[in-house]
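S.K.: The structure under discussion is supplied below as structure tokens; questions concerning it will follow.
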Amino acid sequence: MMDIVPYLKLMVQKNGSDLFFSTGAPPNLKAEGDCRPIGSTPLQPGQVRKLAYSVMSDDQIHEFEATLECNMAISISKLGRFRVNVFRQRGDVAMVIRYIKGVIPPVEQLNLPVILKDLILQKHGLILVVGATGSGKSTTLAAMLEHRNQNMYGHIPHHRGSDRIPLHPQAVDRRPARGWHRYSQL
Numbered sequence: 001m002m003d004i005v006p007y008l009k010l011m012v013q014k015n016g017s018d019l020f021f022s023t024g025a026p027p028n029l030k031a032e033g034d035c036r037p038i039g040s041t042p043l044q045p046g047q048v049r050k051l052a053y054s055v056m057s058d059d060q061i062h063e064f065e066a067t068l069e070c071n072m073a074i075s076i077s078k079l080g081r082f083r084v085n086v087f088r089q090r091g092d093v094a095m096v097i098r099y100i101k102g103v104i105p106p107v108e109q110l111n112l113p114v115i116l117k118d119l120i121l122q123k124h125g126l127i128l129v130v131g132a133t134g135s136g137k138s139t140t141l142a143a144m145l146e147h148r149n150q151n152m153y154g155h156i157p158h159h160r161g162s163d164r165i166p167l168h169p170q171a172v173d174r175r176p177a178r179g180w181h182r183y184s185q186l
């Protein structure tokens, strides 16, 4: 039986951003923009499902079987947090895991427009951050929320996928405990 922890350790050691598990190919690690196979043995049918189910709760497994997709965050002691997307691909289960770095960089370090610091302090409004996978949407939101949390107290409603953003203790957090799936966002 495969264990996910050695793959997660390798991702952290190599400063990787993503792990890809798909039937018919070896696991792949994306680091510094390059995707490389981990070993040469292709994953067999059913292996990814077993690996994915090993990190999912019974409710998440049920959600996946009903919707064919499940998104969640997992924490591994002394290793870190990871965002996991489990989905169907070519008739079998596939999985992508993204490493969530624990340090939130300040808005200035990300070279974001300074006006974002003012926008996040407004009492009303909606801020949309859009972009391609890996373009920094979550990091941008985390930096903005951290700026708000350091400068004011208040309620911060989130979309259900924001469980990967750690919050400062001042925030009143209303995030649901479970993951979300794409269909619930429409």
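Just so you know, UniProt numbering puts 86 at position 86 of the sequence shown, and the rest follows in order with no gaps.
Each residue gets a CB set at the ideal place from its N, CA and C atoms; glycine is no exception.
Values in this document were obtained by computation on a predicted structure and should not be read as measured data.
Where does Asp118 sit, in a helix, a strand or coil, going by DSSP?
M.R.: By 1-based counting over the sequence shown, the position of residue 118 is 118. Asp118: helix per DSSP, three-state reduction.
S.K.: Gly39 to Gly102, Cα distance in whole Å?
M.R.: Within the sequence shown, numbered from 1, the residue matching residue 39 stands at position 39. Within the sequence shown, numbered from 1, the residue matching residue 102 stands at position 102. The straight-line gap from Cα to Cα measures roughly 28 Å.
S.K.: Who are the near neighbours of Gly46 in its chain, counting only those whose CB is closer than 6 Å to its CB and skipping five residues on each side?
M.R.: Position 46 of the sequence shown, counted from the first residue, corresponds to residue 46. None.
S.K.: When you compare the CB positions of Phe87 and Leu8, do they come within less than 9 Å of one another, or not?
M.R.: Here residue 87 refers to the residue found at position 87 of the sequence shown. Here residue 8 refers to the residue found at position 8 of the sequence shown. Taking 9 Å as the Cβ cut-off, Phe87 and Leu8 do not qualify as a contacting pair.
S.K.: Does the beta-carbon distance from Gly125 to Leu119 come in below 9 Å?
M.R.: Sequence index remark: in the sequence shown, residue 125 carries index 125 (1-based). Sequence index remark: in the sequence shown, residue 119 carries index 119 (1-based). Yes, Cβ-Cβ distance for Gly125 and Leu119 is below 9 Å.
S.K.: With C-beta atoms as the reference, is Leu121 less than 9 Å away from Thr140?
M.R.: Locating residue 121 in the sequence shown gives position 121, counting from the first residue. Locating residue 140 in the sequence shown gives position 140, counting from the first residue. Going by C-beta atoms, Leu121 is not nearer than 9 Å to Thr140.
S.K.: How far does the alpha helix (DSSP H) with Tyr53 in it extend, from its first residue to its last?
M.R.: Position 53 of the sequence shown holds residue 53. Where Tyr53 is concerned, the enclosing alpha helix (DSSP H) stretches over Gln47 to Ser54.
S.K.: Compute the beta-carbon to beta-carbon distance between Leu51 and Ser22, rounded to the nearest angstrom, for a pair I have assumed lies under 8 Å.
M.R.: Here the question's residue 51 lines up with position 51 in the sequence shown. Here the question's residue 22 lines up with position 22 in the sequence shown. In fact, because the Cβ distance is near 11 Å, the residues do not count as touching under 8 Å.
S.K.: Please report the distance separating the alpha-carbon of Val12 from that of Pro105.
M.R.: Stepping through the sequence shown from its first residue, residue 12 is reached at position 12. Stepping through the sequence shown from its first residue, residue 105 is reached at position 105. Roughly 18 Å separates the two Cα atoms.
S.K.: Would Ile127 be called buried (16 or more neighbouring beta carbons within 10 Å of its own) or exposed?
M.R.: Locating residue 127 in the sequence shown gives position 127, counting from the first residue. Exposed: under 16 other Cβ atoms inside 10 Å.
S.K.: Which partner residues of Phe82 appear in the DSSP bridge assignment?
M.R.: As a first step, residue 82 is located in the sequence shown; it is residue number 82 there, counting from the start. Bridge partners of Phe82: Ile74 and Tyr99.
S.K.: Rank Lys30, Pro6, Asp59 and Val55 by C-alpha distance to the C-alpha of Ile74 and give the top, closest one.
M.R.: For this step, residue 74 is matched to residue 74 along the sequence shown. Out of Lys30, Pro6, Asp59 and Val55, Val55 has the C-alpha closest to the C-alpha of Ile74.
S.K.: Kindly indicate which residue of Ile97, Val107 and His147 has the alpha-carbon position closest to the one of Gly134.
M.R.: What you label residue 134 is simply residue 134 of the sequence shown in a count that begins at 1. Closest option to Gly134, Cα to Cα, is Ile97.
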